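Trainee:
Numbering (the working numbering), first residue to last: 61 to 182.
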């Protein structure tokens, strides 16, 4: 699927990251899971207008912990905030630089990036 996503690099585990973003961005309750390459936290919730809101936060792992050299990929669908506000809030909460655009997993921890917007943490 070719869609815009947020991504960032951080040396923390995915459930900790997701819990911080849940409180900062008012995300719904979520569940966590993993497979041989990826770990993720995701949720689908219906808002007061009956619209399904979805988020997914994922990163590669090595069975012991997340692969910190790989991006954490964050997808949001049908959330009310605008991209500029969301990117800024993610950067402020996690204290990392945040990118928005296309990130594509090629193979074995290799990615291609097309940055549309970014928020630099200093």
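Cβ atoms here follow ideal geometry from the backbone N, Cα and C, with glycine treated the same way.
The structure displayed is predicted, hence computed values, not measured ones.
Please check the pair residue 178 and residue 163, which I expect to be a contact at CB under 8 Å, by giving their CB distance rounded to whole angstroms.
Mentor: Between residue 163 and residue 178 the Cβ distance is about 12 Å, and since that is not below 8 Å, they are no contact.
Trainee: In terms of alpha-carbon separation, which member of 135, 123, 156, 166 lies closest to residue 113?
Mentor: 135
Trainee: Which residue marks the beginning of the beta strand (DSSP E) containing residue 170, and which one marks its end?
Mentor: That run of the beta strand (DSSP E) goes 170-179.
Trainee: Are residue 99 and residue 83 touching if we call contact CB-CB under 7 Å?
Mentor: no
Trainee: Starting from residue 83, trace the alpha helix (DSSP H) both ways and give me its first and last residue.
Mentor: Under the DSSP assignment, residue 83 falls in the alpha helix (DSSP H) whose first and last residues are 74-85.
Trainee: Using only the alpha-carbon positions, how far apart do residue 126 and residue 93 sit?
Mentor: Here the alpha carbons of residue 93 and residue 126 stand approximately 13 Å from one another.
Trainee: Note down the Cα distance separating residue 172 from residue 132, rounded to an integer number of angstroms.
Mentor: 14 Å
Trainee: Note the first and the last residue of the continuous beta strand (DSSP E) segment covering residue 99.
Mentor: Segment 98-106, the beta strand (DSSP E) holding residue 99.
Trainee: Between which two residues does the alpha helix (DSSP H) harbouring residue 150 extend?
Mentor: Per DSSP, residue 150 is one residue of the alpha helix (DSSP H) stretching across 143-154.
Trainee: Counting only beta-carbon atoms, is residue 93 nearer than 7 Å to chain B?
Mentor: The structure shown contains no chain B; it holds only a single protein chain.
Trainee: Should residue 199 be labelled buried (16 or more other beta-carbon atoms within 10 Å of its own) or exposed?
Mentor: Residue 199 lies beyond the range of the chain shown here (61 to 182); nothing can be said about it.
Trainee: Strictly by DSSP, which residues pair up with residue 9?
Mentor: Residue 9 lies beyond the stretch modelled for the chain, which goes from 61 to 182, so this question has no answer here.
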